[in-house]
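Before any comments, here is the structure.
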Amino acid sequence: MQKTLQQRIQQREKDLQQLREAVESHKRSAQTAVEDSERIFTELIHYIERSRSELKRLIRDQEKTAVIRAEERLERLEQELNDLRRRDAELEQLSHTQDHIQFLQVTQIYNNRVRVDLSRFCCDRDSQRNI
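To convert, count from 1 in the sequence shown and add 282; that's this note's numbering.
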């Protein structure tokens, strides 16, 4: 009976040792999994931050390009508006002249300018569709 009891004790000690080893193995596996997931998430965070920065830079570059184009267009339109106002004033002044030859000469020059401006305006509108 004592021999059987000794065998049971040895078996329980063996079972206890195996269980301790299994617990340690699970702890190591869990620690490895935590470290791996931490590394992976850190890499993902860095990748997302780089992607965010790159996207932000691309958006700012596009914004800058669009603003420059719009400002150039504004300048052209302001210049065109100033030219039209000046011509309107010239025509107003010319409408009061009694010199018919001067009137015809200035009118011909004015008509040529209008044709050139209209062709330029059409080209500007076509190029604006591409912006």
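Positions of the beta carbon are idealized from the N, C-alpha and C atoms, including for glycine. From a predicted model like this one, the values you see are computed outputs, not experimental measurements.
Member of the options whose CA lies at the smallest distance from the CA of residue i
i    : options                : result
E374 : E362, V388, D343, L363 : V388
Cβ-Cβ distance between residue i and residue j below 8 angstroms
i    : j    : result
Y392 : R367 : no
DSSP three-state assignment for residue i, whether helix, strand or coil
i    : result
D365 : helix
Q300 : helix
S377 : coil
Neighbourhood of residue i by C-beta distance below 7 angstroms, restricted to the same chain and skipping five residues each side
i    : result
N394 : none
F385 : L376, T379
Nonlocal neighbours in the same chain, by C-beta distance under 8 angstroms from residue i, ignoring five residues either side
i    : result
I291 : none
Cutoff 8 angstroms: residue i Cβ touching any chain C Cβ
i    : result
R369 : Judged by its chain identifiers, the structure shown contains no chain C, having just a single protein chain.
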